[in-house]
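Below you'll find the structure, written out as structure tokens, and then a few comments.
Numbering (the numbering used here), first residue to last: -12 to 192.
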């Protein structure tokens, strides 16, 4: 739905310029404002492009269901992980295989990196799709997968670490030539440069 809304908004702004968006091996067409060039155009989809034989989805609920359905269309087998109370959840029923990784509290199941990695090893999954939330932005989890030669369907650990800090992410954006809002990104590193008069009273020692 969001992709459709974005496309409608873009077409209303400038119907002449089209932008190809590729997501999960599906190609969408949307209009882009004038002045944008091919930097947003992805390579054509290649049906012969190698894919994984089996992936594990480290998530639950609707996001896991969507990943499983897309993987099925691509001929990829799926492994669902679940807590004991999610044993009858839809994503568990749809997946080709399912592994219980612990009790209901997320920190003891969906957020437990060792249990997810153990499920990968037990099922022979070649990659992990994190969905969103849980371990999707955990750089340590990505490093753990890399150390065990398991692919992570998402950004690498360095990208997650860099973009997880606002100041560091702005520095990376500037280095990449991306427009950012002007500001002093070193201010937080030198608080002594400000006088006590400029600091609210409840922050003073």
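Ideal placement from N, C-alpha and C gives every residue a C-beta, glycine not left out.
By the Cβ neighbour-count rule, residue 168 is exposed, with fewer than 16 other Cβ atoms within 10 Å of its own.
Relative to the Cα of residue 88, the nearest Cα in the group 146, 97 and 82 belongs to 97. Per DSSP, the continuous beta strand (DSSP E) segment holding residue 70 begins and ends at 64 to 70. Contact check for residue 147 and residue 126: beta-carbon distance about 4 Å, within the 8 Å limit, so the pair qualifies. Boundaries of the beta strand (DSSP E) harbouring residue 114: 114 to 116, taken from the DSSP string.
Taking the Cα positions, residue 131 is about 25 Å away from residue 53. Residue 52: member of the alpha helix (DSSP H) spanning 48 to 60, first to last residue. Beta-bridge partners assigned by DSSP to residue 89: 70. Of 62, 42 and 41, the smallest CA-CA separation from residue 35 is found for 62.
Apart from the 5 residues on each side of it in sequence, residue 161 sits with its Cβ closer than 8 Å to the Cβ of 167 in its chain, given in chain order.
Contact annotation: residue 107 and residue 86 have beta-carbon atoms that are not nearer than 7 Å. A straight line joining the alpha-carbon of residue 84 with that of residue 158 spans about 43 Å.
A buried status is given to residue 46, since no fewer than 16 other beta-carbon atoms sit within 10 Å of its beta-carbon. Counting of Cβ neighbours within 10 angstroms places residue 92 among the exposed residues, the total staying below 16. For residue 168, no beta strand (DSSP E) encloses it, and the DSSP letter there is neither H nor E. For residue 81, the enclosing alpha helix (DSSP H) begins and ends at 77 to 81.
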